[in-house]
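Structure first, commentary second.
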Amino acid sequence: MKPVQKALFSVFYKDNIADLAKYLSDSGVEILSTGGTQKYLEGLGISVTPIESLTGYPSILGGRVKTLHPAVFGGILNRSEVDQDKVDLEKYDIPNIDLIVVDLYPFAETIANTDEEQEIIEKIDIGGVSLIRAGAKNYADKIIVANTAHCSDVLAELKSNDGSSSRLFRKEMAARAFEVTKEYDDMIESYFHNDRDVSLRYGENPHQEAKFRGDLGALFDQLNGKALSYNNLLDIDAAVNLIEDYKDYPGATFAILKHNNACGLACRDDVLTAYKDALAGDPVSAFGGILITDQRVEKDLAEEMNSLFFEVIIAPEFSEETLEVLKSKKNRIILKIKPVEMPTKSVRTVLNGVLEQDRDLHVTGSDKFSIVTNREPDASQIDDLYFANLLVKHTKSNAIVLAKGKQLLGSGTGQTSRVDALEQAIAKAKKFGFDLNGAVMASDAFFPFPDCVEIADNAGITAVIQPGGSIKDQLSIDYCNEHNMAMVITGHRHFKH
Numbered sequence: 248m249k250p251v252q253k254a255l256f257s258v259f260y261k262d263n264i265a266d267l268a269k270y271l272s273d274s275g276v277e278i279l280s281t282g283g284t285q286k287y288l289e290g291l292g293i294s295v296t297p298i299e300s301l302t303g304y305p306s307i308l309g310g311r312v313k314t315l316h317p318a319v320f321g322g323i324l325n326r327s328e329v330d331q332d333k334v335d336l337e338k339y340d341i342p343n344i345d346l347i348v349v350d351l352y353p354f355a356e357t358i359a360n361t362d363e364e365q366e367i368i369e370k371i372d373i374g375g376v377s378l379i380r381a382g383a384k385n386y387a388d389k390i391i392v393a394n395t396a397h398c399s400d401v402l403a404e405l406k407s408n409d410g411s412s413s414r415l416f417r418k419e420m421a422a423r424a425f426e427v428t429k430e431y432d433d434m435i436e437s438y439f440h441n442d443r444d445v446s447l448r449y450g451e452n453p454h455q456e457a458k459f460r461g462d463l464g465a466l467f468d469q470l471n472g473k474a475l476s477y478n479n480l481l482d483i484d485a486a487v488n489l490i491e492d493y494k495d496y497p498g499a500t501f502a503i504l505k506h507n508n509a510c511g512l513a514c515r516d517d518v519l520t521a522y523k524d525a526l527a528g529d530p531v532s533a534f535g536g537i538l539i540t541d542q543r544v545e546k547d548l549a550e551e552m553n554s555l556f557f558e559v560i561i562a563p564e565f566s567e568e569t570l571e572v573l574k575s576k577k578n579r580i581i582l583k584i585k586p587v588e589m590p591t592k593s594v595r596t597v598l599n600g601v602l603e604q605d606r607d608l609h610v611t612g613s614d615k616f617s618i619v620t621n622r623e624p625d626a627s628q629i630d631d632l633y634f635a636n637l638l639v640k641h642t643k644s645n646a647i648v649l650a651k652g653k654q655l656l657g658s659g660t661g662q663t664s665r666v667d668a669l670e671q672a673i674a675k676a677k678k679f680g681f682d683l684n685g686a687v688m689a690s691d692a693f694f695p696f697p698d699c700v701e702i703a704d705n706a707g708i709t710a711v712i713q714p715g716g717s718i719k720d721q722l723s724i725d726y727c728n729e730h731n732m733a734m735v736i737t738g739h740r741h742f743k744h
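Note that the sequence shown covers residues 248 to 744 in our numbering.
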């Protein structure tokens, strides 16, 4: 328990502080205060010590500097259990401050009511944020109040403990204080990033307003085409993340995406063949899609692609002859991708808050595959299992990917059951004339029953890769053993919602 013997009040909003200040004053607590807060408290008949008597300096620079002084911060940051801190306080005649009641300039209200930059800048609080962080950091000894609405909680705590507070209470007040400064800093950061806000034509649908906040110029040079749309950006994000996982593949990789999922993907010795085989995966869905490759685009590829209507092409380089061909469609978006470090976190709004998680950056190398069946996959199947497992990671759950010869044959995306996803993938492959005999299957999550491996077996699939983890894994493994199929387990699930 820590008693309060000296308090500092410095607030913009005077509401809610009167009862606490009167209680402290009546309890013999000395109150330090600044400017307008001092006048307000004195108007209530409360004795106040002006902060200037402590610092020896008046408020200067138009009020920009009032409390930024060692005598103030020393009084807040000193640690009661550190002997040298006590020596320093005595040596420099710094009083100990036990309670800090501080709020922040009304930045949100200011930007809501004016576009005047200087007026907005002056509402970026410096001293207040510093006092709050100092008090919160030293919660072991101090109470910090960063929102005057919490004054009633402090009053209740002090009254119930004869003018003292518990460590648990002080820690809770510190947590609230850091929440205040985080929200405040987020508002300021958003204001300064307004210059990088890009208004989009609309959101996912025409009735939805939308904007992009970020620096696309750091990632792409746009060489042609109309402004990027909300849906373009979602597809481009999916395409860039997908191709990144194939960066170490030898040769060329080409992918075609639609609604954030790959409808075509192939790895080949040359990029033209990779494009043709990616397109063969689903030439219907490719219409209006997003194209991406990790190779330089030359004229022969551009001429081959030019017969297809697509929204966006992304590549690290384009020859001048290539651009002449591709620019024949004035609205076609051509993006030259630059090497850039992507965020390691993903964020999305949920209900009345925000979810944040690490991005799924895990890649299971073929040397980490756990072969759980009597039949072992051969070298060609290992290559295909690795290829398919990379792709299923970037496919909406529930997801199944069928592949052979490092080519996507069919995928089941976003289904409510894994069986449905598999049946969709098989139907896709057959629709476009692929022979599934000798193909492999990748699943983003485990098989709770052997039904999927049975369906795959009946379609001609001979090897399966999945994360494992079901209490009934053995049922699927037993089926594979009984029907001469190979199965590999990775130990890593790749849900994508």
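Note that beta-carbon positions come from the ideal geometry of N, C-alpha and C, so glycine has one too.
Practice prompt. Output yes or no for whether 8 Å exceeds the beta carbon distance between Lys-389 and Asp-345.
Written response: Yes, these two residues count as a Cβ contact at 8 Å.
Discussion item. Less than 8 Å between the C-beta atoms of Thr-284 and Val-319, yes or no?
Written reply: No, they are not a contact pair.
Discussion item. Relative to the C-alpha of Val-544, which candidate in Ile-560, Val-531, Gly-612 and Ser-554 has its C-alpha closest?
Written reply: For the residues Ile-560, Val-531, Gly-612 and Ser-554, the minimum Cα distance to Val-544 belongs to Ile-560.
Discussion item. Considering Cα atoms alone, identify which of Leu-271, Ile-278, Val-666 and Lys-370 is closest to Gly-309.
Written reply: Closest in C-alpha terms to Gly-309, from the list Leu-271, Ile-278, Val-666 and Lys-370, comes Lys-370.
Practice prompt. Any chance you could list the alpha helix (DSSP H) runs of at least 4 consecutive residues sitting entirely within the segment 255-299, in chain order?
Written response: Listed in chain order, the complete alpha helix (DSSP H) runs (minimum 4 residues) inside the segment 255-299 are 265-273 and 282-290.
Worksheet item: Does DSSP put Gly-661 in a helix, a strand or coil?
Response: When secondary structure is reduced to three states using DSSP, Gly-661 falls in the coil class, being assigned neither helix nor strand.
Discussion item. By the DSSP assignment, the alpha helix (DSSP H) with Glu-568 in it spans what residues?
Written reply: From DSSP, the alpha helix (DSSP H) with Glu-568 extends over 567-573.
Fill in: Endpoints, beta strand (DSSP E) assigned at Glu-550
Annotation for Glu-550: no beta strand (DSSP E) segment contains it, though the alpha helix (DSSP H) segment containing it runs 546-552.
Worksheet item: Using the rule of at least 16 other Cβ atoms within 10 Å of the residue's Cβ for burial, across every protein chain shown, is Thr-620 buried or exposed?
Response: Buried is the call here.
Fill in: Exposure label - Met-420; buried when at least 16 CB within 10 Å
Buried is the call here.
Worksheet entry | Segments assigned beta strand (DSSP E), at least 3 residues, entirely inside the segment 601-650 | Counting whole runs of 3 or more residues, the segment 601-650 contains the beta strand (DSSP E) stretches 647-650.
Worksheet entry | Segment contact, 8 Å Cβ cut-off, at least three pairs: the segment 640-653 with the segment 662-675 | With a cut-off of 8 Å, the segment 662-675 and the segment 640-653 count as touching, because enough Cβ pairs lie within range.
Worksheet item: DSSP state of Asn-705, grouped into three classes?
Response: Helix at Asn-705.
Worksheet item: Along the chain, where does the beta strand (DSSP E) that runs through Ile-718 open and close?
Response: Premise fails: Ile-718 is in no beta strand (DSSP E) and is neither H nor E.
Item to complete: Give the single residue among Phe-742, Leu-669 and Leu-415 whose Cα lies nearest to the Cα of Arg-606.
Response: Nearest C-alpha to Arg-606 among Phe-742, Leu-669 and Leu-415: Phe-742.
Fill in: Cβ-based burial, Lys-505 [other Cβ within 10 Å; buried from 16]
By the 10 Å Cβ count, Lys-505 comes out buried.
Practice prompt. Give the range of the alpha helix (DSSP H) segment to which Arg-380 is assigned.
Written response: Here the alpha helix (DSSP H) through Arg-380 covers 374-384.
Worksheet item: Would you call Tyr-493 buried or exposed, if buried means 16 or more other Cβ atoms sit within 10 Å of its Cβ?
Response: Buried, since its Cβ has 16 or more Cβ neighbours within 10 Å.
Item to complete: Pick helix, strand or coil for Met-420, following the three-state DSSP scheme.
Response: Reduced to three states, the DSSP call for Met-420 is helix.
Discussion item. Using the three-state DSSP reduction, which class does Arg-515 fall into: helix, strand or coil?
Written reply: Of the three classes helix, strand and coil, the one that applies to Arg-515 here is strand, per DSSP.
Discussion item. Using 8 Å for Cβ pairs, my map puts Val-687 next to Ile-708. What's the rounded Cβ distance?
Written reply: About 7 Å separates the beta carbon of Val-687 from that of Ile-708, a gap short enough to meet the 8 Å contact definition.
Fill in: Touching by the beta-carbon criterion (3+ pairs, under 8 Å), the segment 349-357 and the segment 295-307
By the criterion of at least three beta-carbon pairs nearer than 8 Å, the segment 349-357 is not in contact with the segment 295-307.
Discussion item. I'd like to know if the segment 699-718 and the segment 596-606 are in contact, where contact means that at least 3 CB-CB pairs between them fall below 8 Å.
Written reply: Flag = no, the segment 699-718 and the segment 596-606 do not touch.
Item to complete: Could you round the C-beta distance between Asn-394 and Asp-330 to whole angstroms and report it? I think they count as a contact, below 8 Å.
Response: Going by Cβ atoms, the distance from Asn-394 to Asp-330 rounds to 34 Å, so no, they are not a contact pair.
Worksheet item: What is the C-beta distance between Glu-451 and Asn-478, in whole angstroms, given that I count them as a contact (C-beta under 8 Å)?
Response: The C-beta distance from Glu-451 to Asn-478 rounds to 6 Å, short enough to meet the 8 Å contact threshold.
Worksheet entry | Meets three-Cβ-pair contact criterion under 8 Å: the segment 729-742 and the segment 609-628 | Touching, yes.
Practice prompt. Name the residue from Phe-557, Glu-363 and Phe-416 whose alpha carbon lies nearest to the alpha carbon of Ile-580.
Written response: Looking from the CA of Ile-580, the closest CA among Phe-557, Glu-363 and Phe-416 belongs to Phe-557.
Worksheet item: Between the C-alpha atoms of Ser-272 and Ser-413, what's the straight-line distance to the nearest angstrom?
Response: The alpha-carbon atoms of Ser-272 and Ser-413 are separated by roughly 21 Å.
Fill in: Rounded C-alpha distance that separates Ala-635 from Ser-690
Approximately 9 Å, taken between the alpha carbons.
Item to complete: Out of Leu-548, Gly-685, Asp-484 and Asp-409, point me to the one whose CA is closest to Asp-524's CA.
Response: Distances from the alpha-carbon of Asp-524 to those of Leu-548, Gly-685, Asp-484 and Asp-409 put Leu-548 closest.
Worksheet entry | For Arg-417 and Ile-391, the rounded distance between their alpha carbons | Rounded to the nearest angstrom, the two C-alpha atoms are 7 Å apart.
Discussion item. Run through the DSSP bridge pairs and tell me what Ala-521 is partnered with.
Written reply: The secondary-structure analysis by DSSP pairs Ala-521 with nothing; it has no beta-bridge partner.
Worksheet item: Under the rule that 16 or more other beta-carbon atoms within 10 Å means buried, what is His-641, buried or exposed?
Response: His-641 is buried by the Cβ-count criterion.
Discussion item. Going by beta-carbon coordinates alone, are Ser-274 and Gly-382 separated by less than 8 Å?
Written reply: No, these two residues do not count as a Cβ contact at 8 Å.
Fill in: Pairwise C-alpha distance: Ala-474 and Leu-481
Across the structure, Leu-481 and Ala-474 are spaced so that their CA atoms are roughly 14 Å apart.
Item to complete: Report the option in Arg-622, Val-251, Val-610 and Tyr-726 whose CA atom is closest to the CA atom of Glu-404.
Response: Answer by Cα proximity: Val-251.
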